[in-house]
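Below you'll find the structure, written out as structure tokens, and then a few comments.
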Amino acid sequence: MRDSGFSLLEIVIVIGVSVIVGLLIVSILVSNTGFSYKQTAIVSEGLSLNDVIREIDDVVRQASSVAVSYPETEPIFTTGDETLVLKLPSLSAAGNMDEVYDFLVIAKDENPKILKIKIFPDPQSSRASQDKVLTTILSSVKFSYLDENGNTAPPSSAVSIGVDLTVLSKTGSIGSNRSVSAVTKLRNN
Amino acid sequence: MDKNITNKESGQMLVLSIIVAALVLVNGLMILAGSQTFFQNTTYTVASAQALQLAEAGADKALASFNTAGSSYSGESETALGAGSFSVAISSEGPDTKIITATGYVPSKTNAKAKRTISIKAARGAGISFNYGVQVGEGGLKMENSSEIEGSVFSNGSISMENSTRISGDAIVAGGTAPEADQQALCSGISCTDFIFGRFPNGPIDMAQSFKSAASGYLNKVALNLKKVGSPYDLTIRIMRDDGGKPDKNQVLATGILTSDRVGSDYSLPFIEIGFGSAPSLIADTTYWIVADAYQDSSNYWMWSADLSQGYTGGVSRWSPNWQAGNPVWDDTSPPVDLDFKTYMGGVATSIIGANTALITGDARANTLQDLSIGGEAYYQLQQNIKVGGSSCGSNPECHPGSPDPAPVPMPISEANINSWKDDAENAGTYTGDMIICNAVLTSGKYVGNISSNNGCTTIIMPPVWITGNLSLSNNVTYKLDPSMGGASGVILVDGRIILSNGAKIMGSGSTGSYLMVLSLYDSRESGLSAIDVSNGGNQGILYAPLGLADIKNTNSLNELTAWKVILRNNVEVGYETGLTSVFFSSGPTGSYSVIKGTYQLR
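In order, the protein sequence lines correspond to chains W and E.
Under the working numbering, think of the first position of the first sequence as 44, with each following residue one higher.
Under the working numbering, think of the first position of the second sequence as 447, with each following residue one higher.
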């Protein structure tokens, strides 16, 4: 009885088919993982943008004016393209207080990917102090200061604040930028 | 043996495929879960923004209802609007102040996916901003011998500062305005008609009148002959270039706001002046448009006095339902009319001229600066002998030659405000005869005659009070608002002169933000006599004379001073209070409700 085996041709065909199938599987895995990373990054960016814009919109609405700096003497934060210092009417049990203000700062942290909101209440105010991270995937932030007609104005006379925000989310080696813009009027101005 | 080995290896590809499929499935599920989270978050974000807009719509409706239904409006439980609904709750804080709490729901109150609540306070009266320690009209400011202003100064006329005078803040002098109108359209007699705008949907909402200036230069202000029906929203007045016989929406040269409360319900007021943040530069014999941008409201709208005879040959009038539309439609007015207007050009040189020790600690802005020490920066066309930050100009970076003249600023209180206060006072009762008042209550009303108080008397004021004669307070007299006024402010109108001497004090109710203002309507431009005369020290208060000279002598501490012309003599000090940026004047029971600035709260 002759020992039956694979011919060279059969082995070559099997190896060829195995290589093709293997490559297909690896390709599916790689593209699927990449797609997953990309979608995760988009979701993360979207969630971050939604939350940050909502938070900024809320505080700008309640502000009386843009402050040049905080503290007003020997300032640590100065209003500009990347830093916004707002004056909010201080709070008491009866509501907003007359001519007493809390200061709110939105600025980049030392780590430039972190955008923070800080509240410095007046001693008479019942508003709590705050030092809160708005996002940890900041790419850029730019504030603009607008007059009644939407034209650029000095910060101290601005009645609306525009914000252009870009976040960069990276999952694995894949990342992408996503931006949003909003303009909010100071309701207490 | 071989056969067995073959059997053990069979199915490996299937296992591998299952593992790959599982990984793909897990990744797919993670993406789906993330997408679902993102979708829910985005949906909530949109709904939350809609709920906030609905809450603000509810507050707007409440305010409008107060002004149509009066104090009988008590809120509403749920009113559907757009993508959701709103509810409004009303509470009172004093007789003239309401707290409006409005909540927006998406999609409905019973099934709210998003809910936002805001609150504001509204009160009867008029909100008025005093943005400067001293504001002066075309008469200008003269500071003598060591007088001092703690706060900034804005003057439409020149400022002169003598030895040891000091302005602790900015000093700004507007470019002078030509006294006569450069262009004007005026109706007369039977050629006068009303042109209604801002009333009907798709009808005339925005109005425009074209004109050509006689000479090139800056347009400092326009004046319009308007009246209102109800309480329309503020008008935005723009100067635009011409685009083939209609306003060019992409070429807005200047913008000014005409607040509704400056306009009366008839044409008895003079033309209402509107200034601009920065004066537009016009070229002679070129067509420009004055465009009035209104909101549509069938109950609260505007009327513009118009000339049926079309006596003005430099332009025409047109209307549009929306000047900002993609391709705005502008129609001729029918019948054709000229809308009554005046334009006033600038170009009259104004100055701040000091002496050796005259000091401005902030910025100085004027056409010409001379003999001054300036702590901030200097903006001018011409300068002579000024020191900025301790150094002469030249290469000094804090000197800004060639700066345009600041645009004039109108007085903070309009004739409409004053007339409204007079109406309220007259409606409260008329009292005839000269009076000497001591330790009494001066109730709201029209007092025909002179009123005086002296010798340490304290008088409680229930505003508005209108005195047709003179008001004289001397020897430590105190006039103060009734404590029940709370944070609201009040006014005493005086047709004649106001004379304060020896420690007369004009005070608010005692609550924060409450002030009592005495306002003289005396016209010093003809007589040369002062409308407000303050002497012999210790006097306090907010003083206002839109047509008059305020002559302040000796050592006095005033909170704010606004007049057509001001002279500060011998050691006078005016100290500005920051609360004066938002003073709310109660107008009595017949006034309309307005939002009190600074009371918007998100809850």
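Backbone N, C-alpha and C fix where the C-beta goes; we use that ideal spot for every residue, glycine too.
Item, Value
"At the level of alpha carbons, what is the spacing between G1049 of chain E and F484 of chain E?", "The sequence shown places Arg at residue 1049 of chain E, not Gly. R1049 of chain E and F484 of chain E: Cα-Cα distance of roughly 25 Å."
"Cα-Cα, which of E:S592, E:P693, E:V466 and E:A669 is closest to A804 of chain E?", "E:S592"
"Report the neighbours of S481 of chain E on chain C: residues whose CB is nearer than 8 Å to its CB, in chain order.", "No chain C appears in this structure, whose protein chains are W and E."
"Establish whether the CB of N948 of chain E and some CB of chain W are separated by less than 8 Å.", "no"
"Among E:S976, E:G987 and E:M791, which one has its Cα closest to the Cα of G663 of chain E?", "E:M791"
"Roughly how many angstroms lie between the CA atoms of T889 of chain E and T701 of chain E, to the nearest whole one?", "42 Å"
"Please determine, among E:L728, E:S899 and E:A669, the residue with the shortest C-alpha to C-alpha distance to P716 of chain E.", "E:A669"
"Do I545 of chain E and G521 of chain E count as a contact pair if the criterion is CB distance below 8 Å?", "no"
"Closer than 7 Å, Cβ to any Cβ of chain E: which residues of the region 112 to 144 of chain W, in chain order?", "P132, G138, N139, D141 and E142"
"Provide the residue(s) that pair with T701 of chain E in DSSP beta bridges, ordered along the chain.", "E:R684"
"If we ignore side chains and look at the alpha-carbon of each, how far apart do G848 of chain E and G644 of chain E end up?", "41 Å"
"On a CA-only basis, which of E:V937, E:I945, E:L967 and E:S970 is nearest L955 of chain E? Give me that one, please.", "According to the sequence shown, residue 955 of chain E is Ser rather than Leu. Checked all of E:V937, E:I945, E:L967 and E:S970; the closest Cα to S955 of chain E is E:V937."
"Report the residue from E:S866, E:D809, E:S838 and E:P852 whose alpha carbon sits nearest the alpha carbon of P909 of chain E.", "E:S866"
"If we count Cβ pairs, one from each stretch, closer than 8 Å, do we get three or more for the region 179 to 186 of chain W versus the region 113 to 130 of chain W?", "yes"
"Using a 10 Å radius around the Cβ and a threshold of 16 neighbouring Cβ atoms, would you call Q404 of chain E buried or exposed?", "Shown here, chain E extends from 447 to 1049; a query on residue 404 of chain E therefore has no answer."
"Grab me the residues of E98 of chain W's own chain with a C-beta within less than 7 Å of its C-beta, minus the 5 sequence neighbours each way, in chain order.", "I160 and L177"
"What do you reckon, are the CB atoms on G621 of chain E and D851 of chain E nearer than 8 Å?", "yes"
"Taking the beta carbon of N473 of chain E as the centre, do at least 16 other beta carbons fall within 10 Å, making it buried, or is it exposed?", "buried"
"Within 8 Å (strictly less), CB to CB, does L93 of chain W reach chain E?", "The amino acid occupying residue 93 of chain W in the given sequence is Asn; Leu does not appear at that position. By this cut-off, N93 of chain W is an interface position."
"What residues are listed by DSSP as bridge partners for V1020 of chain E?", "E:I595 and E:L1004"
"Distance, Cα to Cα, R708 of chain E vs N863 of chain E?", "6 Å"
"Helix, strand or coil for N487 of chain E? Go by DSSP, reduced to three states.", "helix"
"For M447 of chain E, which three-state DSSP category applies?", "Its pLDDT being 44, under 50, M447 of chain E is placed unreliably by the model, and nothing is read from it."
"Taking K561 of chain E as the reference, which of E:Y679, E:A505 and E:L498 has the closest Cα?", "E:L498"
"So, does the CB of L72 of chain W fall closer than 8 Å to a CB anywhere in chain E?", "yes"
"How is P781 of chain E classed by DSSP in three states: helix, strand or coil?", "coil"
"With DSSP as the reference, label F576 of chain E as helix, strand or coil.", "coil"
"Return no unless some Cβ of chain E is closer than 8 Å to the Cβ of M44 of chain W.", "With a pLDDT of 49 at M44 of chain W, under the threshold of 50, the modelled position of this residue cannot be trusted, and the question is left open."
"Report the rounded CA-to-CA distance for T1036 of chain E versus I162 of chain W, giving the unit in angstroms.", "Reliability fails at T1036 of chain E, whose pLDDT of 42 lies under 50, so the model's placement of it is uncertain and no value is given."
"Does the region 816 to 829 of chain E touch the region 625 to 640 of chain E, meaning 3 or more C-beta pairs lie closer than 8 Å?", "no"
"Tell me the DSSP secondary structure of R612 of chain E in three-state form.", "strand"
"Counting along the chain, where does the alpha helix (DSSP H) carrying Q82 of chain W start and finish?", "L51 to Q105"
"Give the DSSP-derived three-state secondary structure of L391 of chain E in the structure shown.", "Any question about residue 391 of chain E goes unanswered here, given that chain E covers just 447 to 1049."
"Using a Cβ-Cβ cut-off of 6 Å (strictly less than) and excluding sequence neighbours within five positions of P650 of chain E, which residues of its own chain qualify?", "F643 and W765"
"Looking at the C-beta of F484 of chain E, does it have a partner C-beta in chain W at a distance below 8 Å?", "yes"
"Use the C-beta contact count for P427 of chain E: other C-beta atoms within 10 angstroms, 16 or more gives buried, fewer gives exposed.", "Only positions 447 to 1049 of chain E appear in the structure, and residue 427 of chain E is not among them; the question remains open."
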